[in-house]
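Letter 103 of the sequence shown, counting from 1, is numbered 103 in our numbering, and no numbers are missing.
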Amino acid sequence: MKVAVVGATGMVGEVMLQVLAERNFPFTELILVASEKSVGKEIEFKGKTYKVVGLQTAVDLKPEIAIFSAGGATSLEWAPKFAAAGTTVIDNSSAWRMDPTKKLVVPEINASELTAADKIIANPNCSTIQMVLALAPLHKKYNIKRIVVSTYQSVTGSGLKAVQQLENEYNGIKGEMAYKYPIHRNAIPQIDVFEENGYTKEEMKMVRETQKILGDKTIAVTSTTVRIPVVGGHSESVNVEFSNDFDVNDIRKILHETDGVTVQDNIDTFTYPMPMYAEGKDDVFVGRIRRDESQPNTVNMWIVSDNLRKGAATNTIQIAEYLIANELV
Ligand code: 2RA
């Protein structure tokens, strides 16, 4: 299995390499790919030194799988070139997510939709992945009518420049700004650009991607996404209205039995998820599960996950593992 990592020098690329190493991903050859300015750069991986190559070189090497985290523009241009060479691309950008001909996959939910004919597969947005992973089994049992979500998102979701901005501001150093405003001691209610309806692109990703992954356009979703000065992961306050009444303990039980979800929910011991403790972990952590007493059939919960792991690298690599295990590449 020849595997290419496109965007190997970026923040998600780095975590992808970490996750590939931890999971002992079965490749025979690893091709590390980045933009022209990084070509020739050396990267250590499992005690071996790899030289970064350019995109055309990687296409010509015909890897079986290419995992992409290089931004939408690179993906739009290059994913089809890899696909034409016979490579299956798993793409972490937003370029293909809402294309009706492409699958948008969270393996625990809908990997069974994948076939060998899927040559470009989309990895959902980080804030969507962690929310739907917890909500999919609840939707199955109680049928979700409406979701109201507010996010508290880590600066790692904006890349290295943003992490540097937070560090600089924390240390009182003037430097390059990733955001329009200071992020240290602040909360910025804008992630990505605004769309015509006054919502940000990040907010609309949560609406559209949730409906696509859960395969149900009738689910109403409304979202407010906020950047906060945190690095460990994204947190989400999620209010879910079901068609049917539920038992809070049953919700805990369902979540407890869901692959990839860890319930941390005990107010007597002050146990609830926090990004500081989710960092570096693959699971999605759920806590503060409680009935919304203001209206029927509605529950509140708090969902936290490391956005670079399950929200990006781990989910992508799980898709690759599924393709291999099911002989789809
Ligand atoms: C963010 N969701 O956190 C984005 C990253 N894809 O900004």
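Quick reminder that beta carbons are idealized off the backbone N, C-alpha and C, glycines included.
Between T151 and S112, the C-beta gap is not smaller than 8 Å, which leaves the two residues out of contact. Apart from sequence neighbours up to five positions away, the residues of its chain that approach T9 with a beta-carbon distance below 7 Å are A34, S38, K41, V52, ordered along the chain. In summary, D99 is exposed, with fewer than 16 beta-carbon neighbours lying within 10 Å of its beta-carbon over all protein chains present.
With contacts defined by Cβ atoms closer than 8 Å, I121 and T87 do not form a contacting pair.
A134 places its beta carbon 8 Å or farther from that of L214.
Residue pairing by DSSP places F285 opposite T262, V304 in a beta bridge.
When DSSP reads this structure, L30 sits in a beta bridge with V3.
Between the alpha carbons of V193 and Y199 lies a gap of roughly 9 Å. C-alpha of W96 to C-alpha of K102: approximately 7 Å in a straight line.
Rounded to the nearest whole angstrom, the C-alpha separation of T28 and Y181 is 46 Å.
Each of G172, I289, A162 was checked against the Cα of M11, and the nearest Cα belongs to A162.
By the neighbour-count criterion, in which a residue is buried when 16 or more other Cβ atoms sit within 10 angstroms of its Cβ, G13 is buried. Contact between the segment 141 to 151 and the segment 235 to 254 is present, with at least three C-beta pairs closer than 8 Å.
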